[in-house]
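Per full-length UniProt numbering, the very first residue in the sequence shown carries number 1; after that it's consecutive.
Positions of the beta carbon are idealized from the N, C-alpha and C atoms, including for glycine.
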Amino acid sequence: MSVDLLTDGRLDRAFMALADPVRREIIARLSRGPATVNELAAPFEISKQAVSKHIQVLEHAGLVTRSRDAQRRPVHLDAGALERLTAWIDGYRLIHEAQFRRLDTLLGSLTSTDTGVSGAGATESKEKEQ
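So this is what it looks like as structure tokens:
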């Protein structure tokens, strides 16, 4: 887990940026390759200016970058940023998986040591036998 990801606010900015469905769609589109603002705006019923603002939020979060290609300024997905987010999430997933494995082991040992019926069911069984 990268300490700088946690301390400089990038993690918060990245999750806030990804909270918006339009920005998630932009990320999904950019996962297939770079695109211009016009190309990114095409599937949405919002203005190009609105898409540009969404891209600015994604840039500020460090999730995308822009380059200059002659007359165009394509937007690129920063895969490294997504990998850092995934690593942060995976750290917690691994912790929870370990806790569930311990719980499973404990429940398994309790089940294997329980050889008889206990509680009210045991009393009823004994009464039927007599």
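Taking all protein chains in view, the Cβ of His76 is surrounded by fewer than 16 other Cβ atoms within 10 Å, so the residue is classified as exposed.
In the DSSP assignment, Leu18 falls within the alpha helix (DSSP H) that extends over Arg10 to Leu18. By the Cβ test, the region 84 to 99 is not in contact with the region 36 to 56, since fewer than three Cβ pairs between them sit closer than 8 Å. Residue state for Thr86 is assigned as helix, using DSSP reduced to three classes. Remark: C-beta atoms of Arg24 and Ala61 do not approach each other more closely than 8 Å.
A direct Cα-Cα distance of roughly 22 Å separates Met16 from Arg32. Residue ranges of uninterrupted beta strand (DSSP E) with 3 or more members, entirely inside the region 40 to 120 and ordered along the chain, are 64 to 66 and 75 to 77.
For Asp78, same chain residues with a beta-carbon under 8 Å away, outside a window of 5 residues either side, are Gly62, Leu63, Val64 and Thr65 in chain order. Excluding residues up to 5 positions away in sequence, Thr36 lie with their Cβ nearer than 7 Å to the Cβ of Arg72 in the same chain. In this structure, the CA atom of Ala42 is about 20 Å from the CA atom of Leu18. Straight-line spacing of the CA atoms in Asp12 and Ile89 works out to 13 Å.
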